[in-house]
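See structure below.
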Amino acid sequence: MFSVTPATMPRLSRFCRATICCFSFALLLSSCAQNDTAFLYPLPDGEIASPVSSVSTDPELLLVEAEPEQCLTEELEALRQTGTWLGADMSAIHGSAHQVEYDFPIVINKQVQAYLNIFQYRQKKTFGRWLERSGKYVPLFQKELREAGLPEDLAYLAMIESGFNQRAFSRARAVGLWQFMKGTGKDYNLRIDRYVDERRHAEKSTKAAIAFLSDLYADFGDWHLAVAAYNAGGGKIGRGLKRYKVNNFWSLAEHKYLQLETKRYVPKLIAAIIIAKNPEHYGFDNIVYESPMAYETLRVGPGLSLDAVALLSGSSSKEIKGLNRELTTGRTPLNKKHYDVQIPVGTKTIAAANLPRLHRVATTGYGTHVIQKGDTISAICRRYNINKTTLLKINNLRSSKLIAGKHLRIPQGKIRYRLLGEGEEARLASSELILHKIKPGETISKIADKYNVPADLIVTWNGLKSVHKIRAGQQLALYIEEAGESVAVSTKTSVRIQRKAKPQVAGKGKNRNTLIVLAQQKKSRSEEAVPENGTKVSWYRVRQGDSLWSIAKKFNLSTRQLKSWNNLKSNRIHPGIKLKLNNV
Numbered sequence: 153m154f155s156v157t158p159a160t161m162p163r164l165s166r167f168c169r170a171t172i173c174c175f176s177f178a179l180l181l182s183s184c185a186q187n188d189t190a191f192l193y194p195l196p197d198g199e200i201a202s203p204v205s206s207v208s209t210d211p212e213l214l215l216v217e218a219e220p221e222q223c224l225t226e227e228l229e230a231l232r233q234t235g236t237w238l239g240a241d242m243s244a245i246h247g248s249a250h251q252v253e254y255d256f257p258i259v260i261n262k263q264v265q266a267y268l269n270i271f272q273y274r275q276k277k278t279f280g281r282w283l284e285r286s287g288k289y290v291p292l293f294q295k296e297l298r299e300a301g302l303p304e305d306l307a308y309l310a311m312i313e314s315g316f317n318q319r320a321f322s323r324a325r326a327v328g329l330w331q332f333m334k335g336t337g338k339d340y341n342l343r344i345d346r347y348v349d350e351r352r353h354a355e356k357s358t359k360a361a362i363a364f365l366s367d368l369y370a371d372f373g374d375w376h377l378a379v380a381a382y383n384a385g386g387g388k389i390g391r392g393l394k395r396y397k398v399n400n401f402w403s404l405a406e407h408k409y410l411q412l413e414t415k416r417y418v419p420k421l422i423a424a425i426i427i428a429k430n431p432e433h434y435g436f437d438n439i440v441y442e443s444p445m446a447y448e449t450l451r452v453g454p455g456l457s458l459d460a461v462a463l464l465s466g467s468s469s470k471e472i473k474g475l476n477r478e479l480t481t482g483r484t485p486l487n488k489k490h491y492d493v494q495i496p497v498g499t500k501t502i503a504a505a506n507l508p509r510l511h512r513v514a515t516t517g518y519g520t521h522v523i524q525k526g527d528t529i530s531a532i533c534r535r536y537n538i539n540k541t542t543l544l545k546i547n548n549l550r551s552s553k554l555i556a557g558k559h560l561r562i563p564q565g566k567i568r569y570r571l572l573g574e575g576e577e578a579r580l581a582s583s584e585l586i587l588h589k590i591k592p593g594e595t596i597s598k599i600a601d602k603y604n605v606p607a608d609l610i611v612t613w614n615g616l617k618s619v620h621k622i623r624a625g626q627q628l629a630l631y632i633e634e635a636g637e638s639v640a641v642s643t644k645t646s647v648r649i650q651r652k653a654k655p656q657v658a659g660k661g662k663n664r665n666t667l668i669v670l671a672q673q674k675k676s677r678s679e680e681a682v683p684e685n686g687t688k689v690s691w692y693r694v695r696q697g698d699s700l701w702s703i704a705k706k707f708n709l710s711t712r713q714l715k716s717w718n719n720l721k722s723n724r725i726h727p728g729i730k731l732k733l734n735n736v
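Residue 153 is where the sequence shown starts when you use my numbering, and the numbers rise one by one after that.
Shown next, in the form of structure tokens:
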């Protein structure tokens with residue numbers, strides 16, 4: 153057993169400084185289904201997700217609250233009725249009991265028996281769900297524990313921490329299977345930033361938990377104390393042992409020093425281990441265990457959507473998100489050159505072959521903002537990272553005055569992914585409005601070249617003071633006409649997007665709120681124009697989905713000819729432009 157000496161105190165002090173994993177409990181129980189807290193997203197099996205706990209609003213990525221208040225109240229009341237934490241009914245269970253062997257020290261007393269009853273009756277549905285999930289994680293946990301020389305029964309610590317749920321979080325903001333606080337997670341080399349939270353990574357968080365438990369056991373020399381310290385903090389447990397001159401958890405628990413919420417942690421773990429290792433004996437028959445976690449990795453670049461990873465590997469988005477819970481934004485980190493995403497076993501070969509064929513298409517969707525009392529245009533623009541000019545134009549507003557209860561359309565840039573066909577060239581496809589986020593080092597001139605629009609037009613569209621007044625991270629609205637569409641501004645005058653063209657404001661057509669620079673007139677796919685010298689020139693207007701290769705093939709030309717006749721430096725073309733089809 154453990155005793156506090158001057159030699160052990162320095163090791164204890166580091167746990168006083170660290171923020172230690174806090175309480176986290178079972179997922180929503182059948183007997184605790186009523187919860188007064190409102191959440192946005194209902195989840196399967198009675199779980200609830202909180203949008204404030206994740207940077208994404210995707211229900212598949214949201215964190216799940218682990219402990220409803222009513223369940224905590226029920227458990228604490230059951231423990232209060234047990235009375236003393238020491239007594240004649242306390243006895244060690246040896247490995248042969250029920251023909252089950254344990255490598256974690258098991259005892260039976262009134263508190264452990266209370267939890268055996270809770271799990272078998274009040275929370276049976278929830279515990280059964282935990283057992284089902286255990287099939288996915290326990291093999292991995294036990295392998296890591298065995299290699300580290302720790303008791304394999306500690307795998308069930310994650311059961312009472314998170315219910316074997318990678319997305320679990322506590323009120324104190326502990327996160328993941330092993331419920332690490334942010335500070336403690338970083339102390340044990342877990343990466344936690346705006347893109348990645350490795351507390352939600354099954355394998356990496358398990359290695360961190362094992363390292364943490366190993367340090368605690370080295371300090372206390374007793375697994376009951378080490379587990380209690382995992383929950384309450386090493387400093388708290390060490391000070392209690394010294395104050396009351398005791399050397400084991402049960403003697404310390406007899407005093408009022410530890411809160412009942414902390415004391416319950418050890419008997420709850422013991423009860424969970426006992427039932428999990430002999431479920432039929434306790435009435436848990438016909439449990440359908442989930443398959444053990446297995447995956448391959450694929451190295452990809454920054455900012456790749458998990459939906460794209462699903463496309464590459466021929467998997468579902470839900471499956472890919474389940475394998476990459478640590479990616480809180482639903483895409484690979486933007487601050488790393490590459491990232492190893494996890495994909496289903498057997499899909500790596502096809503995913504690697506598909507990677508060069510992946511093509512991103514920029515589109516714009518729209519969300520809705522309900523105007524609240526006190527809202528201002530400036531505040532709404534800051535919230536959604538859009539500029540005032542764009543917001544006013546999209547909503548056909550002539551002033552900044554807002555009316556509570558009205559709805560505003562909010563443009564949202566999106567990326568669609570598809571796999572290019574054989575011989576198909578990549579191209580930029582766009583909708584009428586493209587949202588472009590300025591990258592470090594970008595200028596208006598570079599952006600204008602990228603989208604083949606005049607620089608002064610970008611300034612006009614976004615209400616900029618000059619072409620020089622931009623900053624990295626700022627969002628620009630680019631109104632680019634879709635191929636095949638033409639909206640008349642005037643019976644006398646209209647122009648198409650070209651360098652040096654001056655903008656016209658669309659007052660009629662499909663979208664009165666969008667500023668579009670328009671084509672001369674709607675014509676057939678092959679258009680003709682007669683220059684001043686009378687020589688006839690054939691033209692083709694590029695449509696959505698066209699590529700230089702497909703146009704050349706259609707008119708029995710080569711891409712080299714098209715590039716030469718149209719002064720193109722690359723194969724990139726844009727919907728709405730006109731290409732020369734001859735060189736007379």
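Using N, Cα and C, we set each Cβ at its ideal position, and we do this for glycine too.
About 14 angstroms separates the beta carbon of R483 from that of L450, a gap too long to meet the 8 angstroms contact definition. Going by C-alpha positions, P431 is about 18 angstroms away from Q294. Per DSSP, the unbroken alpha helix (DSSP H) holding T278 starts and ends at K276 to A300. L630 places its beta carbon 8 angstroms or farther from that of I590. Going by DSSP, Q494 is part of the beta strand (DSSP E) stretching over Y491 to I495. Only residues of its own chain outside the window of five on either side were considered, and among them S468, S469, E471 and I472 have a CB closer than 8 angstroms to the CB of A462, listed in chain order. Residue pairing of H588 in beta bridges, as defined by DSSP: L628. Taking 8 angstroms as the upper bound for CB-CB distance, V418 and V379 are in contact here, some 6 angstroms apart. Annotation: the continuous beta strand (DSSP E) that includes Y692 extends over V689 to R693. Between Q251 and the set P485, K429, S597 and G435, the nearest pair of CA atoms involves K429. For the 8 angstroms CB-CB criterion, I344 and K356 do not form a contact. K488 is classed as exposed because its beta carbon has fewer than 16 other beta carbons within 10 Å across all chains shown. Annotated as proximal: R285 and E442, with beta-carbon spacing under 8 angstroms.
The Cβ atoms of I312 and K420 sit closer than 8 angstroms to each other.
When only Cα atoms are considered, R724 and G519 end up about 30 angstroms apart. Residue environment for N719: exposed (fewer than 16 other C-beta atoms within 10 angstroms of its C-beta). Taking 8 angstroms as the cut-off, the beta carbon of Q263 is found no closer than this to the beta carbon of W282.
Taking 8 angstroms as the cut-off, the beta carbon of V493 is found closer than this to the beta carbon of N476.
Apart from the 5 residues on each side of it in sequence, G280 sits with its Cβ closer than 8 angstroms to the Cβ of F436 and I439 in its chain, given in chain order. The residues S457, D459, A460, L463, L510, H511, R512 and V513, in chain order, have a CB closer than 8 angstroms to that of Y569 in the same chain once the five nearest residues on each side in sequence are set aside.
Sorting T480, Y434, S366 and I529 by C-alpha distance to the C-alpha of V348 places T480 at the top.
About 35 angstroms separates the CB atoms of D255 and E221; that is not less than 8 angstroms, and the two are not in contact. Listed as beta-bridge partners of H521 by DSSP are L560.
A310 and S465 have their C-alpha atoms roughly 30 angstroms apart. Put simply, the stretch 382-401 touches the stretch 367-374. At least three CB pairs are less than 8 angstroms apart. At a Cβ-Cβ threshold of 8 angstroms, P592 and A600 do not count as neighbours. Put simply, of N269, E448 and Y289 the residue whose alpha carbon is nearest the alpha carbon of T499 is E448.
Excluding residues up to 5 positions away in sequence, I529 lie with their Cβ nearer than 6 angstroms to the Cβ of S552 in the same chain.
With a threshold of 16 other beta carbon atoms within 10 Å, I426 meets it and is buried. In the structure shown, Y603 falls within a helical segment according to DSSP collapsed to helix, strand and coil. Residue state for L342 is assigned as coil, using DSSP reduced to three classes. For K388, the number of other beta carbons within 10 angstroms of its own is at least 16, and it is reported as buried. Boundaries of the alpha helix (DSSP H) harbouring V418: Y417 to A428, taken from the DSSP string. Put simply, of L572, L342, L268 and K602 the residue whose alpha carbon is nearest the alpha carbon of H726 is K602.
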